[in-house]
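Residue numbers (our numbering): 104 to 402.
Heads up, the beta-carbon is just placed ideally off N, CA and C, and yes, glycines get one too.
Take a look at the structure set out below.
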């Protein structure tokens, strides 16, 4: 996919986001130097250019339908950065594709005890998450979506899946700036009726879609007390074969101030995996990986 006058085409950025399906702009938290001058606050954005309800619905529809062509493979690191304590690094792998329901992602992570955890994440209107544990494949309930992928990290299956992007009760609130300073359409998604009774820990979510590229730059999960409980921020891209691959993203617990940084270390694009790779039963088996010659380092 080509560049347009030195910038990425709009579809370019939308597809790049779906490389990680949310596993992936400024960092969500940077310590301020003592005595430094406070940053200059950008001027408020005019709401005159705010999209109509019909236009807002079209923006969401285009975003939901976007996706990277072909299948891909990523090598990942999750850097657990607690507010207090030492950094810990966990490694993992990701296989990505699309099916009739939407984007589908297979994730494999190794915890501190050297145990491997496998997940299959189906995105779309009929989203679902499966996990292989204790010798069996299990479909996760709503409450289980809010448990860490592995102990010690702030990333949950809900964060990877981002099902709120398909919740039907969506409203374009305003045009706002993300932490990177770019203007974005701020959409509020209210949780479906009964979600909390099933164990859902959020009542709504806010997503910021760049007004120029319609790319997801930031999200906020809103708890039952109407307080923001977690944020996601996309930090950086890396260009690979003229395809922008999200390279780093932050997941921050706004209650504890603990943070996990996702770093994509290597990638392989335009692949073909056996169809069984993205079936729940396949989580009980190792998945095929690309040849080393096909995997490109992003460092």
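Check                                                                                                                                                             : Outcome
Suppose the cutoff is 6 Å on Cβ atoms and the five residues either side in sequence are ignored; what does the same chain contact list for residue 195 look like? : 179, 211 and 212
Measure the beta-carbon distance from residue 354 to residue 214 and round it to whole angstroms, keeping in mind my assumption that it falls under 8 Å.          : About 17 Å separates the two Cβ atoms, so there is no contact after all.
From residue 293 to residue 233, what does the alpha carbon distance come to, in whole angstroms?                                                                 : 24 Å
With burial defined as no fewer than 16 other Cβ atoms inside 10 Å of the residue's Cβ, what is the status of residue 155: buried or exposed?                     : exposed
Decide if residue 189 is buried, meaning its Cβ has at least 16 other Cβ atoms within 10 Å, or exposed.                                                           : exposed
For residue 324 and residue 399, I'd like the C-alpha separation in whole angstroms.                                                                              : 33 Å
Should the stretch 198-207 be regarded as contacting the stretch 234-241, the criterion being three or more beta carbon pairs within less than 8 Å?               : no
Could you give the DSSP three-state label for residue 393: helix, strand or coil?                                                                                 : coil
Would you list, in sequence order, the uninterrupted beta strand (DSSP E) runs of no fewer than 3 residues that lie entirely inside the stretch 349-397?          : 362-374
For residue 338 and residue 348, what's the separation of their Cα atoms in angstroms?                                                                            : 11 Å
Can you tell which of 391, 167 and 384 has the C-alpha that lies nearest to the C-alpha of residue 229?                                                           : 167
Whole angstroms are fine: how far does the CA of residue 329 sit from the CA of residue 402?                                                                      : 39 Å
Nearest to residue 327 by CA position, among 298, 373 and 341, is which residue?                                                                                  : 298
Using the rule of at least 16 other Cβ atoms within 10 Å of the residue's Cβ for burial, across every protein chain shown, is residue 411 buried or exposed?      : No answer is possible for residue 411: the residues shown for the chain start at 104 and end at 402.
With the cut-off set at 8 Å, would you say residue 245 and residue 363 are in Cβ contact?                                                                         : no
Return the first residue and the last residue of the alpha helix (DSSP H) that residue 168 is part of.                                                            : 156-168
What do you get for residue 274, buried or exposed, if any count of 16 or more other CB atoms within 10 angstroms of its CB means buried?                         : exposed
Within 10 angstroms of the Cβ of residue 336, are there 16 or more other Cβ atoms? Answer buried if so, exposed if not.                                           : buried
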